[in-house]
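Novice:
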Amino acid sequence: MMDDEEMGNTLEEEMDDGLLYARLTMVTDTSSAQARKGKDIQGIQWDRLNLTRQDYRRTRIGSYKNYENVASSGDLADKECQQVEQGGSYYDFQYNSRMVKPTILHFQLRNLVWATSKHNVYLMSNNAVVHWSSLSHELSEVLSFSGHVAPSEKHQGSLMEGFTGTQVSTLAVKDNLLVAGGFQGELVCKHLNQRGISFCARMTLEDNAITNAIEIYTNPSGSNCFMASNNDGGLREYDVEKYQLLNHFRFPWPVNHTSISPDGKLVTVVVSRLVGHRDFSFSSAWHPDGLTFATGNQDKTCRVWDVRNLSSAISVLKGNLGAIRSIRYSSDGQFMMMAEPADFVHIYNTKQNYQRRQEIDFFGEISGFSLSADGESLYIGVWDRIYASLLHYGRRHIFKYLDAL
0 MMDDEEMGNT
10 LEEEMDDGLL
20 YARLTMVTDT
30 SSAQARKGKD
40 IQGIQWDRLN
50 LTRQDYRRTR
60 IGSYKNYENV
70 ASSGDLADKE
80 CQQVEQGGSY
90 YDFQYNSRMV
100 KPTILHFQLR
110 NLVWATSKHN
120 VYLMSNNAVV
130 HWSSLSHELS
140 EVLSFSGHVA
150 PSEKHQGSLM
160 EGFTGTQVST
170 LAVKDNLLVA
180 GGFQGELVCK
190 HLNQRGISFC
200 ARMTLEDNAI
210 TNAIEIYTNP
220 SGSNCFMASN
230 NDGGLREYDV
240 EKYQLLNHFR
250 FPWPVNHTSI
260 SPDGKLVTVV
270 VSRLVGHRDF
280 SFSSAWHPDG
290 LTFATGNQDK
300 TCRVWDVRNL
310 SSAISVLKGN
320 LGAIRSIRYS
330 SDGQFMMMAE
340 PADFVHIYNT
350 KQNYQRRQEI
360 DFFGEISGFS
370 LSADGESLYI
380 GVWDRIYASL
390 LHYGRRHIFK
400 YLDAL
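So that you can map any letter, position 62 of the sequence shown is 61 in numbering that gives the first Met the number 0, and since no number is skipped, the others follow by simple counting.
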């Protein structure tokens, strides 16, 4: 992992007129009804700018600087990507909340948004974990890291003195468990249905200690666990009941991401280059069938693999402007979603062999995206100096009956 990157220009940098900037910053939320009437989903007033949305999109794609560890990896991988039909319509825009201000602390780590149900989502905002309800449209703080955090429970190995000024690099929230990882190897665990913090630990004292990813899952025996991927080359497994370290796997490279197969028996560990990928990978996800998984790479591709034959990918899917920073599958396995570092989330229909996709198009860096367990809600965190927000999409259903009003 590197420590810095040139992100894309914000719309603020496209504005020279101070009065125009002031007017445009007075942005309001956008509902699905307003969007159907023509309002921009982010509230961008294109008629007041000196360019159209289409013109800015072309400029953005041409000027966005994708970070590469391997020079020209995206150009080389482009030749291998399959042709995919656009025009899929699987998720519809529901709401854009400007009250929610997602933030990013590391350009390569974009797993800072988690939906625990179709109406509840947790995300990082200004060094705190916040909760947003799409029903009440209320925002509340769950856990602040700007000051001192310390556990209220006693567990072996827990640092009772806690931490001060933790910078959160990655996050995972599932059911009632929240686990945050820090730049200095910190782990902070909290149950959402309980007061206080359950567990604090520092996984490593190495200089290169950033926590890259956290995966919460149920193991084959039915116990709740989580795995933490770290830049020190360690992959650590903890149980949730007593927060004991169950396993510590060591690799000669930084562990960028880990995902667990649906049966809990296989682990995808992203540590370096995979056969076919031309750069470093930072995301992975398993299909619910337990036979296929996907990896996202800085070569701007997502590759789908079959565990029964890993000699080559069964699908090679292309991003528009940058690395594939996060991947999700719907719980029924029908859709695979991948997010670029900015502007685009792509939704593929797996039942059509990834040959058809929907493209969700907006402007801003992506702090993370999450699909609710029932697959009904998709949330996307957008970081931008002006247009920071939380986008909400809902799964489209084709009903064969008339609604009775």
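Each residue gets a CB set at the ideal place from its N, CA and C atoms; glycine is no exception.
Taking only three categories from DSSP, how would you classify T58?
Specialist: Looking at T58 - three-state DSSP - the assignment turns out to be helix.
Novice: For L50 and D39, what's the separation of their Cα atoms in angstroms?
Specialist: Between L50 and D39, the C-alpha separation is close to 14 Å.
Novice: If we ignore side chains and look at the alpha-carbon of each, how far apart do Y138 and H147 end up?
Specialist: Per the sequence shown, residue 138 should be read as Leu rather than Tyr. So the alpha carbons of these two residues sit roughly 22 Å apart.
Novice: Leaving out five residues on either side along the sequence, give the residues of the same chain with a beta carbon under 6 Å from the beta carbon of G318.
Specialist: Counting only Cβ-Cβ distances below 6 Å, and skipping sequence neighbours, we find K299 and E339.
Novice: My output table needs one value for A312: the three-state DSSP class, helix, strand or coil.
Specialist: Coil.
Novice: When you compare the region 326-333 with the region 277-296, are there three or more beta-carbon pairs, one atom per stretch, that lie closer than 8 Å?
Specialist: Yes: at least three Cβ pairs fall under 8 Å.
Novice: To the nearest angstrom, how far is it from the Cα of S88 to the Cα of V315?
Specialist: Their Cα atoms are separated by approximately 21 Å.
Novice: Can you tell me which of the three DSSP states D402 falls into?
Specialist: Note on D402: pLDDT 40, under 50, position unreliable in the model; the coordinate value appears next. Correct three-state label for D402: coil.
Novice: Is D206 helix, strand or coil when you go by DSSP?
Specialist: Of the three classes helix, strand and coil, the one that applies to D206 here is coil, per DSSP.
Novice: In terms of alpha-carbon separation, which member of P101, F162 and Q354 lies closest to E140?
Specialist: The candidate whose alpha carbon is nearest that of E140 is P101.
Novice: Taking its Cβ as the centre, do 16 or more other Cβ atoms sit within 10 Å of N255, making it buried, or is it exposed?
Specialist: Buried is the call here.
Novice: Taking the beta strand (DSSP E) that Q44 belongs to, which residues open and close that run?
Specialist: Neither: Q44 is in no beta strand (DSSP E) and is coded neither H nor E.
Novice: Does the region 254-268 come close enough to the region 193-213 to have 3 or more Cβ pairs within less than 8 Å?
Specialist: Counting Cβ pairs under 8 Å, three or more are found: they touch.
Novice: Give me the Cα-Cα distance between G86 and T163, rounded to the nearest whole angstrom.
Specialist: Answer to the nearest angstrom: the Cα atoms are 48 Å apart.
Novice: Alpha carbon to alpha carbon, what distance is there between W382 and C199?
Specialist: In a straight line, the C-alpha of C199 is about 28 Å away from that of W382.
Novice: In terms of alpha-carbon separation, which member of L377, G367 and R384 lies closest to M123?
Specialist: Comparing Cα-Cα distances from M123 to each of L377, G367 and R384, the minimum goes to G367.
Novice: Counting only the same chain and skipping the five closest in sequence on each side, list residues whose C-beta sits under 7 Å from that of P261.
Specialist: Only W285, P287 and G289 meet the Cβ criterion.
Novice: With burial defined as no fewer than 16 other Cβ atoms inside 10 Å of the residue's Cβ, what is the status of W45: buried or exposed?
Specialist: W45 should be labelled exposed.
Novice: On a CA-only basis, which of V268, N125, V344 and D174 is nearest A372? Give me that one, please.
Specialist: Among V268, N125, V344 and D174, the Cα nearest to that of A372 belongs to D174.
Novice: Considering only residues of the same chain and omitting the five flanking positions on each side of T165, which have a CB-CB separation below 6 Å?
Specialist: Counting only Cβ-Cβ distances below 6 Å, and skipping sequence neighbours, we find F144, G181 and E185.
Novice: Between which two residues does the beta strand (DSSP E) carrying Q33 extend?
Specialist: Per DSSP, Q33 belongs to no beta strand (DSSP E); it is in the alpha helix (DSSP H), S31 to R35.
Novice: Using a Cβ-Cβ cutoff of less than 8 Å, which residues in the same chain neighbour D305 once the five nearest sequence positions on both sides are dropped?
Specialist: Closer than 8 Å at Cβ, skipping near neighbours: L290, T291 and I313.
Novice: Grouping DSSP H, G and I as helix and E and B as strand, with all else coil, what is T169?
Specialist: T169: strand per DSSP, three-state reduction.
Novice: Tell me the rounded alpha-carbon separation between T115 and T58.
Specialist: Spanning the two alpha carbons is a distance of roughly 36 Å.
Novice: Only counting runs of 4 or more residues, tell me where the alpha helix (DSSP H) segments fall wholly within the region 202-263, in order along the chain.
Specialist: As far as the region 202-263 is concerned, it has no whole alpha helix (DSSP H) run of at least 4 residues.
Novice: Please report how far the alpha carbon of A293 lies from the alpha carbon of S310, in whole angstroms.
Specialist: One C-alpha to the other measures close to 14 Å.
Novice: Who are M405's beta bridge partners in DSSP?
Specialist: With the chain represented from 0 up to 404, any question about residue 405 goes unanswered, as that position is not in the structure.
Novice: Can you give me the C-alpha to C-alpha distance between T203 and Y347, rounded to a whole angstrom?
Specialist: Spanning the two alpha carbons is a distance of roughly 38 Å.
Novice: Closest to Y392 by CA distance: which of H154, Q357 and L234 is it?
Specialist: Closest option to Y392, Cα to Cα, is Q357.
Novice: Drop a sphere of 10 angstroms on the beta-carbon of A32, count the other beta-carbons inside from all chains shown, and report buried for 16 or more, exposed for fewer.
Specialist: It is exposed - the Cβ of A32 has fewer than 16 other Cβ atoms within 10 Å.
Novice: Please report the residue range of the beta strand (DSSP E) in which S329 lies.
Specialist: Element bounds for S329: n/a, residue is neither H nor E.
Novice: Which same chain residues, not among the five before or five after D2, have their C-beta less than 7 Å away from its C-beta?
Specialist: Residue confidence for D2 is low, a pLDDT of 43 falling below 50, so the modelled location carries little weight; the figure read from the coordinates is stated next. Within the same chain, D2 has no close Cβ partners at all.
Novice: Can you look up Q93 in the DSSP assignment and give me helix, strand or coil?
Specialist: If DSSP states are grouped into helix, strand and coil, Q93 belongs with the strands.
Novice: When the Cα atoms are used, what is the spatial distance from G61 to M98?
Specialist: Distance between the alpha carbons of G61 and M98: 31 Å.
Novice: When the Cα of Q333 is compared with those of S157, R355, V120 and N230, which residue comes out closest?
Specialist: Residue R355 is the option with its Cα nearest to Q333.
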